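J.:
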Amino acid sequence: MSEHGHGPARQPAITRDSYDELYRSAPAVWTGRPNGQLVAEATGLPPGTALDAGAGEGGDALWLAARGWRVTAVDFSPVALGRGAAKAAELLLTDRIDWRHEDLEVWTPPEASFDLVTAHYLHSAWTDRAAMFRRLAAAVAPGGTLLVVGHQHGEQWGHGHAHAHEAGALYTAQDVAAVLDPDEWTDVVTETRDRDPGAAHRTGNPVPDTVLVARRRAV
Ligand SMILES: C[S@@+](CC[C@H](N)C(=O)[O-])C[C@H]1O[C@@H](n2cnc3c(N)ncnc32)[C@H](O)[C@@H]1O
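The letter at position 162 of the sequence shown is residue 162 when you use my numbering, and the numbering goes up by one with no holes.
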């Protein structure tokens with residue numbers, strides 16, 4: 001993620017209300033820069049249609065749009081979406097991004113529709129996280145790419161850090177890979193990667209990324 005803003009440490013946001021509260025707490029919570037894993041994976045892809053799930057303030061969606069992608073940016077925080085839309089207007093990218101206020105817990109994206117489905121740090125209080133990842137995977141068009149990145153579980157959080165108590169909110173690349181039908185997916189990569197050093201968590205913990213990349217087989 002685009003990095004957290006400075007300021008006093010707070011409990012990580014995982015509900016709609018806590019995310020909105022987080023976004024209201026500062027004029028900009030993230031840096032606005034694209035996430036490193038997105039840049040690494042999407043730079044070589046031809047621009048097409050993309051779904052950014054949990055788009056936040058839109059750093060990734062704006063980066064994709066500026067490279068010629070048509071982006072659907074989904075988030076359940078109207079505050080975050082409003083910021084993304086304002087930035088898009090400033091950058092003359094309004095017609096390239098559809099900002100959608102949806103709850104990914106229940107929203108079903110159109111199936112087989114996006115050349116890229118990307119989700120970064122989608123840490124939330126999921127009732128059925130696997131079903132949510134299944135819906136995101138189903139939205140990838142044949143031949144398209146699924147990229148899901150999260151904060152790696154582990155000691156890096158430090159003892160007593162709030163995330164250590166949010167096992168349901170954290171996921172691994174393997175959790176995501178588990179929902180993919182091997183007959184439909186190829187080139188499945190599950191890795192732990194260093195995070196962009198400029199994007200340290202606001203606690204100062206350099207938490208690595210857990211990264212899933214997969215291609216949906218072309219029909
Ligand atoms: C940690 S932030 C990351 C934002 C952005 N992907 C980035 O990397 O800068 C997680 C985002 O997911 C959104 N989110 C969490 N749960 C969601 C849900 N159930 N439906 C839609 N958006 C959700 C939050 O509002 C927040 O903007």
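For every residue, glycine included, the Cβ atom is placed at its ideal position computed from N, Cα and C.
From a predicted model like this one, the values you see are computed outputs, not experimental measurements.
For S2 and W107, I'd like the C-alpha separation in whole angstroms.
T.: With a pLDDT of 46 at S2, under the threshold of 50, the modelled position of that residue is not reliable, and no figure is offered here.
J.: By a C-beta neighbour count over all protein chains shown, 10 Å radius and 16 as the cutoff for buried, is L92 buried or exposed?
T.: Under this definition L92 is an exposed residue.
J.: Can you tell me where the beta strand (DSSP E) holding F133 begins and where it ends?
T.: From DSSP, F133 is part of no beta strand (DSSP E) but of the alpha helix (DSSP H) over 129 to 138.
J.: If we require 4 or more residues per run, which alpha helix (DSSP H) segments fall completely within the region 50 to 122?
T.: If we require 4 residues or more, the alpha helix (DSSP H) runs fully inside the region 50 to 122 come out as 59 to 66, 78 to 90.
J.: Do A88 and A65 have their C-beta atoms closer together than 8 Å?
T.: Going by C-beta atoms, A88 is nearer than 8 Å to A65.
J.: Using the Cα positions of Y23 and R193, report the straight-line distance between them to the nearest angstrom.
T.: Cα to Cα, the separation comes out at about 27 Å.
J.: Hey, V176 and E191 are a contact pair by Cβ (cut 8 Å); roughly how many whole angstroms apart?
T.: 12 Å between Cβ atoms; not a contact.
J.: Does R195 come out as helix, strand or coil in the three-state DSSP assignment?
T.: Three-state DSSP puts R195 in coil, outside helix and strand.
J.: Is it a yes or a no for the region 45 to 62 touching the region 72 to 81, going by three-plus beta-carbon pairs under 8 Å?
T.: Segments in contact, yes.
J.: Report the rounded CA-to-CA distance for S18 versus T31, giving the unit in angstroms.
T.: Near 19 Å, if we compare the C-alpha coordinates of T31 and S18.
J.: Does DSSP put A173 in a helix, a strand or coil?
T.: It is helical.
J.: Taking 7 Å as the cut-off, is the CB of E41 close to at least one heavy atom of ligand 1?
T.: Answer for E41: no, Cβ out of range of ligand 1.
J.: For a test of the three-state rule: what should DSSP assign to V39, helix, strand or coil?
T.: It is helical.
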